[in-house]
Structure formats: structure tokens, C-alpha cells
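Asks: Residue numbers (my numbering), protein chains in the order written: chain A, 1 to 436; chain B, 1 to 436. Where is the CB? At the ideal position from N, CA and C, for every residue including glycine. The structure's right below; bear with me while I get my questions together.
There are 2 protein chains.
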Amino acid sequence: MNVKTTVICVGTELLGGKLNSNSAFLGDRLSSIGLEPSQIVTVGDDKNTMKEVFRKAVGESNVVIVTGGLGPTFDDLTREAMAETLGRRLVLDRNALSQIARYFVSRNIDMPKNNESQAYLIEGAKLLSNPVGTAPGQLIETDKKPYSDKNEKLLVFLLPGPPREMQAVFEASVFPALKRIETGIKKSFTLHVCGMGESAVDEKIRPIVEAERKLEKGVVSFTILAHQMIVDIKTSVSGEDELLIDETLTNLKQELRDVLKENIYGEGRQTLESVLGELLIKNKKTLSLAESCTGGLVAHRITNIPGSSLYFKQAAVTYSNESKKTLLGVKEATLKEFGAVSEETVMEMAEGVKKVSGTDYSISLTGIAGPAGGTSEKPVGLVFVGISGPEGPQAHKFIFSGSRIEIRERAANFALDLLRRRLLNNTEVRKQKKKK
Amino acid sequence: MNVKTTVICVGTELLGGKLNSNSAFLGDRLSSIGLEPSQIVTVGDDKNTMKEVFRKAVGESNVVIVTGGLGPTFDDLTREAMAETLGRRLVLDRNALSQIARYFVSRNIDMPKNNESQAYLIEGAKLLSNPVGTAPGQLIETDKKPYSDKNEKLLVFLLPGPPREMQAVFEASVFPALKRIETGIKKSFTLHVCGMGESAVDEKIRPIVEAERKLEKGVVSFTILAHQMIVDIKTSVSGEDELLIDETLTNLKQELRDVLKENIYGEGRQTLESVLGELLIKNKKTLSLAESCTGGLVAHRITNIPGSSLYFKQAAVTYSNESKKTLLGVKEATLKEFGAVSEETVMEMAEGVKKVSGTDYSISLTGIAGPAGGTSEKPVGLVFVGISGPEGPQAHKFIFSGSRIEIRERAANFALDLLRRRLLNNTEVRKQKKKK
């Protein structure tokens, strides 16, 4: 069965500038089981627009997932709009009500009167428990009529809007239900590259893409995407024969790896910081950081990884010259002669934090993230990255374009990638020595 | 003229898990001039789906903004799909080609052959220069026919997908063109609250909301939204009489401030870290940080603010007991008796970093962000926040629910809010003293 999925995100805030993390989460999870949405539609808390979008989705899709608008407040209208779209009533569900009441009891809070509205289900809907909040989800199994001629089955899921609650209900109830739907098989992998531009990656992989194009249309597809000095290459293969699909994927991955080599830092959910963590653990090495222009971003990303305390010891965010001297032992003379943003300072920062922390490796960053503070000699975007290890410190100079936030992100990516490459090379060297 | 805006984001990656920051940016900018999109639709790099969505948008809207799919690679199909939708040809534009060529010359790079495809414009389109990348934007001014009976004007903008390029073209060419469109007036403000739950905020403001409802329908609208312990309240007023709208907004803001008081930390683009920065500058005070469980997140957020070096001196990210002792002077005995996650340790961390950095105030955090490391006595989510200042250190205990990343975000929000409240109170105290 060729299943068409539509995701609808409800919330006026999503039209007015709020980042939509629910659509990213659902896209990721749904595509992992071949149900990648064909469209994601965002609408405001306006009942007429909601009904119009619901009608179209119900007529065209087999799976409709709606997030948001299930809260207790006056602007939560998803329940009503979907009930009217499907021509059903809303009924008070005793189970839902007692679940909501229990949520408040367990927190020693009196249940506000307005939370009662969350216990209304669309007639015939199945209650999807919400283990982490008050808005339960709902599942309505029906057919597409009266909005389509086809008499196909239709699953409509209503999920709460807050990401944590949406994810909890999705994992507990939606994902298991969807996995049972028989679809054609579609599998994919994504490779991540750092240190090469989008066009350069495109030129390298173009022969592989063209060769596949000449074979069967639509069976293999490639997408490439650049963001903050990182390029993602997603390769998807669809068909009926799972063994054949797996073999194709394995071959394509090898072909891509052959042309892009160590520029590929990871795949799938791997990030520069997770890969670096794995390398540090594998090599039994520890890490410390000295950050100036990135202001804690690199430390934040490294410690986002569960278990990072195994290899990460400390970071000094030295935003002033004073702290560069007292915390890291950068010399007064160095700061005076070369300035805080210089090759010399970044090397002393790397050496200093490595010594203070007693770690095997260290990363240091100093630069001008802007928007102010640039000169013609040292423009906004100038960043020095220092890497130190058993072989001593090395400095790398970059000039990044972009906003303050982008310059910081780009500097962080390159810094993490530089240490990754250093560790890879050291591992290679050791392997070769062993062979001899 | 009642203008309807549709935003369409093109990119298979956006259906497969990639966060869509373009829709947030466009929503924010468009709603600031009363052109909040009625829908945001995300589609993949599939030409047929694109054409279907383009057709609908062209028929229903007055302004259609498409982002993405203008790159140089094989999967960039927006130009073709929109040309076919509008029944026009694609023509090579000499100006566009020379702009693209200049981009590469200025970077000392040979222009890859595939970038030539970016110089094709839809017949009759106006070129929108891209100052920061190779994909120029396009503007097509036409009417809705043949997809609508109404003979209304239609503006179609094609913008590049990379956020920095999209934003640059938007600000240079799209925003000025849109501001000239006459719309009914709609203005709004958003207040941000920390330290109160969504339901509690709703109950407090409900009388204000209900009173407005009884007046004129649709003129005033409220939206409330909770995320990571922060609640946003957006109030919009529309009409024809700008003076009346401004007066209504001023009155409503005052009414909301009267019921929520100092729980409101800011409005609009203000963040906890920007408001805290303003308070520190106003009071001529400096700040240092000692972070354990948040791993640099608080430092990262504080230094996201341009000019933060005025008040922020340094952060110590002490992920090990060893570094808590050596960098911050936390006593061995304290760690032994009470543990690294304790009221006693967090107070010594706050005092320690304040002393080492010589700052007026300090914030410290220690806790268990999970997913592992929790015990029945000290569960995952337990976080202590220390605040120190001229009056000495104070500790605050929290138990947060959520994922590792959410616990860290929530802890950071509360920590920033605690110091904000402390500085507000100190300012209040000083004011009262002066009055006496």
C-alpha cells in the first residue's frame, strides 16, 4: 500500500516566528519507517482555516498527524475543528478526566477548572495517554469519505503541542501503530561532511548520482544540504526487496566514502561532538577547553552528549584579558604584542588549559564574533583555533562570514572537526607503527 | 486590501527531520507588518507536489514566498516548478550570471559549471540580488489567474534556502516591497513570563481576555504559549484607526503587567539573557559563572548578546570534582560530606568563581541532567542554582522533568531568572532607600 502522510502543526505562534521543532521530530521519526510526510502544513489557531486544511488532508492522505491546540486555554481549538471536519460530536471521557486529575494530584496542585476541557474526545476516538502532561492524544480510525472517492482507511492522530508531551505520546502510541502499516520499503542513510563546500561535495559525488539516474528512475534518490560549514548527503533507496535495498545502500555508502574519505565525519544522528567523544573514549584521552569568542558554545555542545564526563574535564570561558592571564597563564607580553585575537594567544590558551586541567588534549578559540569590534587588520569573523595534544600546540586561522551567532557556530564546528582529524591521524599513525 | 500570504518551504530535508528556521524568520518578519502568513507549507524536492502546492497558493494568496530549491545541484527544482505553474519559460539572465561569476572571483575560486543553472530566471521576473551567496532571488508580479476567478494582483518571491542568504535577500528586496502593500493595520506585542505555569498565567489573565471577547469580536486576540518554563503571551489588535489601536495595546499591556507584575521578564525580542545584561549594565555590575550540569549553556547564552564582554568576565565549566576544587576552591570536605550535587557545593561554587573573577555577582549550577547518574535520593532532574552577590550566596533547589537537553535548558532559564529577580529587588531596595 502506498501510504501518504500529512503532518499539520497548529499554533498561531508558529506563523509568527516560533521555531517548529515538532515538524523536525516527526519528519525524522516518520521517515525512519518509510512514512516521510509528503507535506507539513502549519496553520494558526483559527478554526475555519484549520477545518479547511483538515478536510484537504483527510481527503488526500492515509495518515494525518495533527500537533497542538489540545491545551486547556481559550485558543485551543483542534478538538472542535477536527470533530466538525469528521462530522462527529465531542464527548467527555471519564478515563481522560481521571488521568488529568491524577496528574495534578501527583504534583500536589489543585486542578484548574479549565483543564477539564482536555478530557473531551472526538466520538469513537481512542484515548492516547500522555505520561508527561495533561493533554491526552486521540486516535480516530475511519475512512476518507466524504472528502475522497476512494474508500481507503484513514488514521487521524491528535497530539499535544509541547514537544516533550508530543514526543512521549508519539513514541508510546503513534509509532507502534504506524509501524504496523504495510508500506513499500524505503530505507536511507545520511552522511555528514565538514571542511568542504556544497558545490565541491556535489562535484565529487556527481558521477555516482548520474550513474544511478541512468538506472531506474525513482528507486535511488540523493539530497544534499549545507548548513554552517557542514554538508549532509542523504541517500534513499525504495523498492520491494529488502535484501536488494540493503545491498544497494551498502554499495552506495562505500562509493560515497571512497570519494569523500575522511571529510565524512559521521552518519545519521552522529554529530561532530558525539564522534569526537567516541574517538576520545576509544583512545582513552581526555579533553579541556579554553573559549573566548565562542563563549561556552563548544563546552555546551560537548556536554550535550550523555557520558561526556568520561573524557571532558573542564572549560575556561575567558572573556576578559585578565581571565586569560589568571586562569590560563597567557603571558601579558603576548597579549600586548600580538593581541587577544592572535595565533600566539590561541596557542598559549590551548597549552594553558591543558596544563591546568591535566588533560591529554585541549581546544582553544579566540576571535571576533561581531557585530562590533572588527578592524581592517582584524575583521569581524576572524577566528583562531588552537589544538594541543601530546605533540604540542597548533594554531589555525579562519575568516568566517555571517552573523555573530553563525560565526560562533562555524568556529565551533571547525574546532571540533580539527581535533577529530588530529585524533584520526594519530590513530592512523599508531596503527601503522603496530603493523611494522 | 485584505492581503493573504502563503509561505512555502521547499526541501526534502525539511520533511525528514531538519529544523526549519526559515519559516520562523519569515513568520516573525511578516507578522511585524501585518502580513502574518495564513499557512506555511513544507514540501520536498518533488516537482509534481511542488507544482500542486504552488498552484493552490497562487490561486488563494496575494503574496507567495517560496524558499529553497534555487541551489546549483540536481535536486533544486523550484525555478522549473514555478515557471511551469505560471506557464512561463526560463531564460538565462546575463546580469545574474555575472553576479554569480563575481561571487567566485572575489573568493579566488573557479566557478563550478553547475552554478550556471542559478542564472536562469522565470520570464518577466525581476532579479533580486544575493549579497552573500550565489543563488539570486526572483520576483514575479502577475495576477492570480488562471487559478482564481478574482483578478487580484499577486506577488511571487523565490528566495534561496540557506538561512543567511534568504535573510539577506529578504531584508534587501522583499521586506521593502511588501511594506508598500496597503493592508489593514494589525499590531501586536508579546510579553515573556518566567516562574509561572501556563495554566496559572491563563487563570490570571482570563478576566482580561474575557472582557475583550465581550467587546468586538476579532479585533483583539490573545495567544499563550509555554516552553521550557517560559510562557509567552502575544496580544494583537487590528483595525483601521492606528491611534485607537496603539491606545488599546498600551492599555492591554498595562492590564497584563498589573496582574503578572515582576513575573514578566521582558517583551518582544528580549530574552532572559538580554534583560539580565541590561540590568547589569544599568547597575554597573559584573558577572561570572560556574557551571557543572549545564556545561557552558548559560555562558553560551549570555555571550550570545553582543557587547556582553562589558559585564561578563569568565565562566568555569567544572565537569569534574577535581576542577571544582582547583578552579573554584570548593572544599574536599564539602564534596565528601554533601556530594557535588548539593546546596553546600553550589554555594561554594558561586562564592569561589566570584572571588577568582573579582566580579560583583556570580551564578553557579550543579545537578544531574541525566539520562544516567540519578539515585533515589538525588534523582535525574535535581538541580541546585547558586546566586552570589554583595549580600553573599543563596542556594535554590529544583527538580525538573524532561530530557537531558530540556533539564539543562530549564535550569539555565531559572538561573538567569533568579539573578534577574535579585537585581530587580536590589534596585527596588535602593530606590526605596533613596526615597527615604
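Going straight from the alpha carbon of residue 97(B) to that of residue 133(B), what length do you get?
Replies: Here residue 97(B) refers to the residue found at position 97 of the second sequence. Here residue 133(B) refers to the residue found at position 133 of the second sequence. Approximately 13 Å, taken between the alpha carbons.
Asks: Is residue 74(A) close to chain B? Criterion is C-beta to C-beta, closer than 8 Å.
Replies: As a working note, residue 74(A) is residue 74 in the first sequence. Yes, residue 74(A) counts as interfacial toward chain B.
Asks: Rounded to whole angstroms, what's the CA-CA distance from residue 36(B) to residue 92(A)? Just pull it up for me.
Replies: Taking the second sequence and counting its residues from 1, one reaches residue 36(B) at position 36. Taking the first sequence and counting its residues from 1, one reaches residue 92(A) at position 92. Approximately 35 Å between the Cα atoms of the pair.
Asks: Interface residues of chain A around residue 234(B) at Cβ under 9 Å?
Replies: Mapped onto the second sequence, residue 234(B) falls at position 234. Ordered by position in chain A, the residues that pass the 9 Å Cβ test against residue 234(B) are 12, 13, 16.
Asks: Take every Cβ of the region 278-285 of chain A, pair it with every Cβ of the region 205-219 of chain A, and state whether three or more of those distances are shorter than 8 Å.
Replies: Segments in contact, no.
Asks: Would you report the Cα separation of residue 48(B) and residue 148(B), rounded to the nearest angstrom?
Replies: As a working mapping, residue 48(B) is identified with position 48 in the second sequence. As a working mapping, residue 148(B) is identified with position 148 in the second sequence. Residue 48(B) and residue 148(B): Cα-Cα distance of roughly 20 Å.
Asks: Leaving out five residues before and five after residue 351(B) in sequence, what residues of the same chain have Cβ atoms less than 6 Å from its Cβ?
Replies: Translated into positions along the second sequence, residue 351(B) becomes position 351. Correct list, in chain order: 388, 393.
Asks: Under the rule that 16 or more other beta-carbon atoms within 10 Å means buried, what is residue 269(B), buried or exposed?
Replies: Position 269 of the second sequence, counting from 1, holds the residue named residue 269(B). Looking at its Cβ environment, which holds fewer than 16 other Cβ atoms inside 10 Å, residue 269(B) is exposed.
Asks: Roughly how many whole angstroms lie between the Cα atoms of residue 340(A) and residue 317(A)?
Replies: On the first sequence, residue 340(A) is found 340 positions in, with the first residue counted as 1. On the first sequence, residue 317(A) is found 317 positions in, with the first residue counted as 1. Cα-Cα distance, rounded: 14 Å.
Asks: Note down the Cα distance separating residue 277(B) from residue 271(B), rounded to an integer number of angstroms.
Replies: Working through the second sequence from its first residue, we reach residue 277(B) at position 277. Working through the second sequence from its first residue, we reach residue 271(B) at position 271. Rounded to the nearest angstrom, the two C-alpha atoms are 10 Å apart.
Asks: Under a CB-based cut-off of 8 Å, is residue 159(A) close to chain B?
Replies: Within the first sequence, the letter at position 159 stands for residue 159(A). No, residue 159(A) lies away from the interface with chain B (no Cβ there is under 8 Å from its Cβ).
Asks: Which full runs of the beta strand (DSSP E) of 3+ residues lie inside the region 305-344 of chain B, going along the chain?
Replies: Runs of the beta strand (DSSP E) inside the region 305-344 of chain B: 312-318.
Asks: Check whether the Cβ of residue 312(A) lies closer than 8 Å to any Cβ atom in chain B.
Replies: Residue 312(A) sits at position 312 when you count from the first residue of the first sequence. For residue 312(A), the answer is yes, since a Cβ of chain B falls inside 8 Å of its Cβ.
Asks: Note down, in chain order, every chain B residue with its Cβ under 9 Å from the Cβ of residue 103(A).
Replies: Numbered from 1 along the first sequence, position 103 holds the residue referred to as residue 103(A). The contacting residues do not exist; residue 103(A) stays about 11 Å from chain B at best.
Asks: Distance, Cα to Cα, residue 181(B) vs residue 8(A)?
Replies: Position 181 of the second sequence, counting from 1, holds the residue named residue 181(B). Position 8 of the first sequence, counting from 1, holds the residue named residue 8(A). Whole-angstrom Cα-Cα distance: 29 Å.
Asks: Give the secondary structure of residue 468(B) by DSSP, where H, G and I count as helix, E and B as strand, and everything else as coil.
Replies: Residue 468(B) is absent from the structure shown; chain B starts at 1 and stops at 436.
Asks: Using a Cβ-Cβ distance under 8 Å, would residue 388(B) count as near chain A?
Replies: In the second sequence, residue 388(B) corresponds to position 388, counting from 1. With 8 Å as the cut-off, residue 388(B) does not count as an interface residue toward chain A.
Asks: Give the interface partners of residue 300(A) over in chain B, defined as CB-CB distance under 7 Å, in chain order.
Replies: Indexing the first sequence from 1 puts residue 300(A) at position 300. Those within 7 Å of residue 300(A) in chain B are 295, 296, 297, 300.
Asks: For a test of the three-state rule: what should DSSP assign to residue 35(A), helix, strand or coil?
Replies: For the purposes of this step, residue 35(A) is taken as residue 35 along the first sequence, with counting starting at 1. It is coil, neither helix nor strand.
Asks: How many angstroms separate the CA atom of residue 20(A) from the CA atom of residue 380(A)?
Replies: Numbered from 1 along the first sequence, position 20 holds the residue referred to as residue 20(A). Numbered from 1 along the first sequence, position 380 holds the residue referred to as residue 380(A). If you take the alpha carbons of residue 20(A) and residue 380(A), they lie about 31 Å apart.
Asks: If you scan the region 31-103 of chain A from start to end, which runs of the beta strand (DSSP E) of 3 or more residues do you find wholly inside it?
Replies: Whole beta strand (DSSP E) segments, 3+ residues: 39-43, 63-67, 90-92.
Asks: Helix, strand or coil: which one does DSSP assign to residue 381(B)?
Replies: Start at 1 with the first residue of the second sequence, and residue 381(B) comes out as number 381. Reduced to three states, the DSSP call for residue 381(B) is coil.
Asks: Taking the beta carbon of residue 407(A) as the centre, do at least 16 other beta carbons fall within 10 Å, making it buried, or is it exposed?
Replies: Against the first sequence, residue 407(A) aligns to sequence position 407. Buried: at least 16 other Cβ atoms inside 10 Å.
Asks: Below 8 Å between beta carbons is the criterion; list the residues of the region 307-335 of chain B that meet it against any residue of chain A, in chain order.
Replies: Residues 307, 308, 309, 312, 313, 314, 315, 316, 317, 318, 319, 320, 322, 323, 326, 327.
Asks: Using a Cβ cut-off of 8 Å (strictly closer), state whether residue 405(B) contacts chain A.
Replies: Indexing the second sequence from 1 puts residue 405(B) at position 405. Closer than 8 Å: yes.
Asks: Between which two residues does the alpha helix (DSSP H) harbouring residue 179(A) extend?
Replies: Position 179 of the first sequence, counted from the start, is the residue given in the question as residue 179(A). Here the alpha helix (DSSP H) through residue 179(A) covers 175-179.
Asks: Could you check if residue 161(B) is buried or exposed, using at least 16 other CB atoms within 10 Å of its CB as the buried criterion?
Replies: Translated into positions along the second sequence, residue 161(B) becomes position 161. Buried, since its Cβ has 16 or more Cβ neighbours within 10 Å.
Asks: Taking Cβ-Cβ distances shorter than 8 Å, what residues in chain A pair up with residue 222(B)?
Replies: Here residue 222(B) corresponds to residue number 222 of the second sequence, with the count starting at 1. By Cβ distance, chain A contributes 74, 75.
Asks: From this set, 258(A), 196(A), 154(A), which residue's C-alpha is nearest residue 125(A)'s C-alpha?
Replies: Residue mapping note: residue 125(A) aligns to position 125 of the first sequence, counting from 1. Ranking 258(A), 196(A), 154(A) by Cα distance to residue 125(A) puts 154(A) first.
Asks: Alpha carbon to alpha carbon, how far is residue 114(B) from residue 77(B)? Give it in angstroms, no decimals.
Replies: Within the second sequence, residue 77(B) is the residue found at index 77, counting from 1. Within the second sequence, residue 114(B) is the residue found at index 114, counting from 1. Using only the alpha carbons, I get a separation of about 14 Å.
Asks: In whole angstroms, give me the CA-to-CA distance for residue 166(B) and residue 159(B).
Replies: Working through the second sequence from its first residue, we reach residue 166(B) at position 166. Working through the second sequence from its first residue, we reach residue 159(B) at position 159. Cα to Cα, the separation comes out at about 6 Å.
Asks: Comparing the CB of residue 358(B) with every heavy atom of the ligand MG, is any distance shorter than 7 Å?
Replies: No copy of the ligand MG occurs in the structure displayed, which carries no ligand at all.
Asks: Looking only at its own chain, which residues have a Cβ that is under 6 Å from the Cβ of residue 436(B), when we skip the five neighbours before and after it?
Replies: Numbered from 1 along the second sequence, position 436 holds the residue referred to as residue 436(B). Note on residue 436(B): pLDDT 48, under 50, position unreliable in the model; the coordinate value appears next. Contacts found: none.
Asks: What whole-angstrom Cβ distance do residue 163(B) and residue 54(B) have, given they're in contact under 8 Å?
Replies: The sequence position of residue 163(B) within the second sequence is 163, counting from 1. The sequence position of residue 54(B) within the second sequence is 54, counting from 1. In fact, because the Cβ distance is near 22 Å, the residues do not count as touching under 8 Å.
Asks: Over what stretch of residues does the beta strand (DSSP E) that includes residue 290(B) continue unbroken?
Replies: Counting from 1 along the second sequence, the entry for residue 290(B) is found at position 290. Residues 287-291.
Asks: What is the rounded straight-line gap between the Cα of residue 326(A) and the Cα of residue 274(A)?
Replies: On the first sequence, position 326 is the one that residue 326(A) refers to. On the first sequence, position 274 is the one that residue 274(A) refers to. Roughly 31 Å separates the two Cα atoms.
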